[in-house]
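S.K.:
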Amino acid sequence: MSEMGKLWWNSVLAKGFINPGLSFSKSAMIFLLAKNGRVDSEDRRSRHCPYLDTINRSVLDFDFEKLCSISLSHINAYACLVCGKYFQGRGLKSHAYIHSVQFSHHVFLNLHTLKFYCLPDNYEIIDSSLEDITYVLKPTFTKQQIANLDKQAKLSRAYDGTTYLPGIVGLNNIKANDYANAVLQALSNVPPLRNYFLEEDNYKNIKRPPGDIMFLLVQRFGELMRKLWNPRNFKAHVSPHEMLQAVVLCSRKTFQITKQGDGVDFLSWFLNALHSALGGTKKKKKTIVTDVFQGSMRIFTKKLPHPDLPAEEKEQLLHNDEYQETMVESTFMYLTLDLPTAPLYKDEKEQLIIPQVPLFNILAKFNGITEKEYKTYKENFLKRFQLTKLPPYLIFCIKRFTKNNFFVEKNPTIVNFPITNVDLREYLSEEVQAVHKNTTYDLIANIVHDGKPSEGSYRIHVLHHGTGKWYELQDLQVTDILPQMITLSEAYIQIWKRRDAGETNQQGA
Ligand SMILES: [Zn+2]
Numbered sequence: 001m002s003e004m005g006k007l008w009w010n011s012v013l014a015k016g017f018i019n020p021g022l023s024f025s026k027s028a029m030i031f032l033l034a035k036n037g038r039v040d041s042e043d044r045r046s047r048h049c050p051y052l053d054t055i056n057r058s059v060l061d062f063d064f065e066k067l068c069s070i071s072l073s074h075i076n077a078y079a080c081l082v083c084g085k086y087f088q089g090r091g092l093k094s095h096a097y098i099h100s101v102q103f104s105h106h107v108f109l110n111l112h113t114l115k116f117y118c119l120p121d122n123y124e125i126i127d128s129s130l131e132d133i134t135y136v137l138k139p140t141f142t143k144q145q146i147a148n149l150d151k152q153a154k155l156s157r158a159y160d161g162t163t164y165l166p167g168i169v170g171l172n173n174i175k176a177n178d179y180a181n182a183v184l185q186a187l188s189n190v191p192p193l194r195n196y197f198l199e200e201d202n203y204k205n206i207k208r209p210p211g212d213i214m215f216l217l218v219q220r221f222g223e224l225m226r227k228l229w230n231p232r233n234f235k236a237h238v239s240p241h242e243m244l245q246a247v248v249l250c251s252r253k254t255f256q257i258t259k260q261g262d263g264v265d266f267l268s269w270f271l272n273a274l275h276s277a278l279g280g281t282k283k284k285k286k287t288i289v290t291d292v293f294q295g296s297m298r299i300f301t302k303k304l305p306h307p308d309l310p311a312e313e314k315e316q317l318l319h320n321d322e323y324q325e326t327m328v329e330s331t332f333m334y335l336t337l338d339l340p341t342a343p344l345y346k347d348e349k350e351q352l353i354i355p356q357v358p359l360f361n362i363l364a365k366f367n368g369i370t371e372k373e374y375k376t377y378k379e380n381f382l383k384r385f386q387l388t389k390l391p392p393y394l395i396f397c398i399k400r401f402t403k404n405n406f407f408v409e410k411n412p413t414i415v416n417f418p419i420t421n422v423d424l425r426e427y428l429s430e431e432v433q434a435v436h437k438n439t440t441y442d443l444i445a446n447i448v449h450d451g452k453p454s455e456g457s458y459r460i461h462v463l464h465h466g467t468g469k470w471y472e473l474q475d476l477q478v479t480d481i482l483p484q485m486i487t488l489s490e491a492y493i494q495i496w497k498r499r500d501a502g503e504t505n506q507q508g509a
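Shown next as structure tokens:
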């Protein structure tokens, strides 16, 4: 965990979000009992609560799991708006009620109904000055606001005075979840995907089979998108805590918060899980995920005779049906680009020279001609690939890691790529070229893996469409970055946007 992450985590513990355990003084209990008689008669609405100025917006944080800090129950949870902690209930002897008496904290927000209450008097507070708080808990976007998101360069000001660009905000590395954060950040900067999730109406009526937990992923991802793009947040960063809890649950702990995972594995699982939770199927039923990212390709496969066989026998076998080339058309959500084996050159000073490869060399895998050998434990195949459909947003995963029986190796080769104007026309089959009008792509997100395979860390470069500028995000830190710096990194996952008819490059680079 980074220093920032540690500080943040400690403050969470100090706030009591995680560790329950409060004791009550005797006098508080007596006071409680003494008040018992009055509460019911005062259960009425009021527009004028005298305690509104005790609300402390700087301690309010609604990114945490909505559970009582004492009972750890999710049921009927309230936030104390004076100290920020969550407590259950508001009836007599409930944890929120006792807290209000013991600490003289009086203003509470029901985290589910979004209603405000004054305790222990127990009346509902209706006051428009509290709207900013409900908005932070549950940001919403109109169609008009969504349509303008990529056109504006307006900075927002957080409660502590820091300024931020909505959408370009840090995500906490709670323990070892930066692999997931980088992927979530990248996806949050893909406009059509983001826009779909910003509007809950797009998916809230999707029917799921009873007992299905996977829809939680959809709900949490939508909430995270709205928080990341919230123009009125109290702080200039967001915690992915609830989103990641859904990931841990839905992936049956394949992906965790406390153990570094692989960004590509996570991306692949997440896109498929989102697609099926939204009601998509393998073949027919499309969703926003496939609309945005799915392309297709032809895979040509030829079986090879065993290399140890005598030449004559090999020759014979090649006439058999089994050894003839077959072709299947297959969809993809991302393209895996293979790196050439990294040679271990050293310079005069015995420093390892990091090899470089142009992007177009590794894209040649998809030109329909290049053959690549694949081995299973008993058979060998030659495969070649040709693209037949390019999606609006194309994901490249650069294969840096190879697993052998004992350890994972990382290939540090730097890929040289232009960040705009990459034309993929030559990788399409001829008849598809004729109908595929736009084949030029510009980079919009670049996920980088630094360091060793198991203990490395992730950061991401994203293009802010409104300003046309690039930003680097690592945990809570956001810095602007020159586009030419992006190409010097160990890029691992990239998202490219297809230019549509008449569209020019927004980046001016
Ligand atoms: Zn409190």
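Heads up: the sequence shown is residues 1 to 509, going by the UniProt record's numbering.
No residue lacks a Cβ here, since even glycine has one placed at the ideal position from N, Cα and C.
As the structure is a computational prediction, the values presented were derived from the model and not from experiment.
1) Inspect the CB distances between the region 181-188 and the region 449-460 and report whether three or more fall short of 8 Å.
2) So is the beta-carbon of residue 511 under 8 Å away from any non-hydrogen atom of ligand 1?
3) What would DSSP say about residue 256, mapped onto helix, strand or coil?
4) Pull up the distance between the alpha-carbon of residue 500 and that of residue 465, whole angstroms please.
5) Return the chain-ordered list of same chain residues with a C-beta closer than 6 Å to the C-beta of residue 223, the five sequence neighbours on each side being excluded.
6) Taking Cβ to Cβ, would you say residue 267 is nearer than 9 Å to residue 397?
7) Based on the DSSP output, what are the partners of residue 170 in its beta bridges?
8) Tell me, which residues are paired with residue 327 by DSSP?
9) Could you check if residue 85 belongs to the surroundings of ligand 1, using beta carbon to heavy atom distance under 8 Å?
10) At a cut of 8 Å, does the region 240-260 reach the region 299-315 through at least three beta carbon pairs?
11) Look up residue 511 in the DSSP assignment and say whether it is helix, strand or coil.
12) State yes or no: is the C-beta of residue 80 nearer than 8 Å to some heavy atom of ligand 1?
13) With which residues is residue 336 paired in a DSSP beta bridge?
14) When you compare each of 88, 431, 308 and 454 to residue 406 by their alpha carbons, which one comes out closest?
15) From residue 106 to residue 75, what does the alpha carbon distance come to, in whole angstroms?
16) Leaving out five residues before and five after residue 132 in sequence, what residues of the same chain have Cβ atoms less than 7 Å from its Cβ?
17) Quick one: is residue 491 buried, meaning 16 or more other Cβ sit within 10 Å of its Cβ, or exposed?
18) Could you have a look at residue 358 and say whether DSSP puts it in helix, strand or coil?
19) Distance, Cα to Cα, residue 52 vs residue 279?
20) Measure from the alpha carbon of residue 354 to the alpha carbon of each residue in 119, 374, 410 and 456, then state which is nearest.
21) Quick one: what does DSSP say residue 29 is sitting in, helix, strand or coil?
22) Determine the burial state of residue 485: buried for a count of at least 16 other Cβ atoms within 10 Å of its Cβ, exposed for fewer.
23) Going by DSSP in three states, residue 314 sits in which element: helix, strand or coil?
24) Taking the alpha-carbon of residue 91 as reference, which of 83, 82, 118 and 69 has the nearest alpha-carbon?
25) Could you pull the start and end residues of the alpha helix (DSSP H) that residue 486 belongs to?
26) Could you compute how far the alpha carbon of residue 538 sits from the alpha carbon of residue 109?
27) With a 10 Å radius around its C-beta and 16 neighbouring C-beta atoms as the bar for buried, classify residue 374 as buried or exposed.
28) Does the beta-carbon distance from residue 310 to residue 318 come in below 9 Å?
29) Taking the alpha-carbon of residue 55 as reference, which of 320, 68, 121 and 129 has the nearest alpha-carbon?
30) Which residues in the same chain have their Cβ closer than 6 Å to the Cβ of residue 235, if we skip the five residues on either side of it in sequence?
31) Would residue 295 and residue 391 qualify as a contact pair, given that the criterion is a beta-carbon distance under 9 Å?
32) Taking the C-alpha atoms as reference points, what is the distance between residue 126 and residue 48?
33) Take the Cβ of residue 324 as the centre, count every other Cβ of all protein chains shown within 10 Å, and call the residue buried at 16 or more, exposed below.
34) Nearest to residue 331 by CA position, among 379, 153 and 387, is which residue?
35) In whole angstroms, what separates the C-alpha of residue 86 from that of residue 200?
36) Alpha helix (DSSP H) containing residue 143: first to last residue?
M.R.: Concretely, from the data shown:
1) yes
2) Residue 511 is absent from the structure shown; the chain starts at 1 and stops at 509.
3) On the sequence shown, residue 256 is found 256 positions in, with the first residue counted as 1. If DSSP states are grouped into helix, strand and coil, residue 256 belongs with coil.
4) Within the sequence shown, numbered from 1, the residue matching residue 500 stands at position 500. Within the sequence shown, numbered from 1, the residue matching residue 465 stands at position 465. Each residue's Cα considered, the two are about 15 Å apart.
5) Numbered from its first residue, the sequence shown carries residue 223 at position 223. Taking residue 223 as the centre and dropping the five residues before and after it, the same chain places no C-beta closer than 6 Å to its C-beta.
6) Residue 267 sits at position 267 when you count from the first residue of the sequence shown. Residue 397 sits at position 397 when you count from the first residue of the sequence shown. Contact: yes.
7) The residue given as residue 170 occupies position 170 in the sequence shown. 237, per the DSSP bridge assignment.
8) Locating residue 327 in the sequence shown gives position 327, counting from the first residue. Answer by DSSP bridge pairing, in chain order: 300.
9) As a working note, residue 85 is residue 85 in the sequence shown. Because some heavy atom of ligand 1 lies under 8 Å away, the Cβ of residue 85 counts as near it: yes.
10) Too few Cβ pairs lie closer than 8 Å, so no.
11) Here the chain has residues from 1 to 509 only, and residue 511 is not among them.
12) Your numbering for residue 80 matches position 80 in the sequence shown. True, at least one ligand heavy atom lies under 8 Å from that Cβ.
13) Counting from one through the sequence shown, the residue named residue 336 turns up at place 336. According to DSSP, residue 336 bridges with 397.
14) Taking the first residue of the sequence shown as position 1, residue 406 is located at position 406. The candidate whose alpha carbon is nearest that of residue 406 is 454.
15) Here residue 106 refers to the residue found at position 106 when the sequence shown is read from its first residue. Here residue 75 refers to the residue found at position 75 when the sequence shown is read from its first residue. Whole-angstrom Cα-Cα distance: 20 Å.
16) Sequence index remark: in the sequence shown, residue 132 carries index 132 (1-based). So the list reads 232, once near-sequence residues are dropped.
17) The residue labelled residue 491 in the question sits at position 491 within the sequence shown. By the neighbour-count rule (16 or more Cβ atoms within 10 Å), residue 491 is buried.
18) Your numbering for residue 358 matches position 358 in the sequence shown. Here residue 358 sits in strand by DSSP.
19) Here residue 52 refers to the residue found at position 52 when the sequence shown is read from its first residue. Here residue 279 refers to the residue found at position 279 when the sequence shown is read from its first residue. Their backbone Cα atoms lie some 45 Å apart in a straight line.
20) On the sequence shown, residue 354 is found 354 positions in, with the first residue counted as 1. Closest option to residue 354, Cα to Cα, is 410.
21) Numbered from its first residue, the sequence shown carries residue 29 at position 29. The predicted model places residue 29 with a pLDDT of 40, which falls under 50 and marks its position as unreliable; any figure quoted below should be read in that light. Looking at residue 29 - three-state DSSP - the assignment turns out to be helix.
22) Residue 485 sits at position 485 when you count from the first residue of the sequence shown. When all chains shown are included, residue 485 counts as exposed.
23) Position 314 of the sequence shown, counted from the start, is the residue given in the question as residue 314. Residue 314: helix per DSSP, three-state reduction.
24) Numbered from 1 along the sequence shown, position 91 holds the residue referred to as residue 91. The candidate whose alpha carbon is nearest that of residue 91 is 118.
25) Here residue 486 is taken as the residue at index 486 of the sequence shown, counted from 1. Here the alpha helix (DSSP H) through residue 486 covers 483-486.
26) Any question about residue 538 goes unanswered here, given that the chain covers just 1 to 509.
27) Taking the first residue of the sequence shown as 1, we reach residue 374 at position 374. It is exposed - the Cβ of residue 374 has fewer than 16 other Cβ atoms within 10 Å.
28) As a first step, residue 310 is located in the sequence shown; it is residue number 310 there, counting from the start. As a first step, residue 318 is located in the sequence shown; it is residue number 318 there, counting from the start. In this structure, residue 318 does not lie closer than 9 Å to residue 310 by Cβ.
29) Translated into positions along the sequence shown, residue 55 becomes position 55. It is 129.
30) Position 235 of the sequence shown, counting from 1, holds the residue named residue 235. Here the set comprises 158.
31) What you label residue 295 is simply residue 295 of the sequence shown in a count that begins at 1. What you label residue 391 is simply residue 391 of the sequence shown in a count that begins at 1. When the beta-carbon positions are compared, residue 295 and residue 391 come within less than 9 Å of each other.
32) The count along the sequence shown starts at 1 and reaches residue 126 at position 126. The count along the sequence shown starts at 1 and reaches residue 48 at position 48. Straight-line Cα distance between these residues: approximately 8 Å.
33) Looking up residue 324 in the sequence shown gives position 324. Its Cβ having fewer than 16 others within 10 Å, residue 324 is exposed.
34) Mapped onto the sequence shown, residue 331 falls at position 331. Checked all of 379, 153 and 387; the closest Cα to residue 331 is 387.
35) Residue mapping note: residue 86 aligns to position 86 of the sequence shown, counting from 1. Residue mapping note: residue 200 aligns to position 200 of the sequence shown, counting from 1. Taking the straight line joining both Cα atoms gives about 25 Å.
36) By one-based count along the sequence shown, residue 143 stands at place 143. That run of the alpha helix (DSSP H) goes 143-148.
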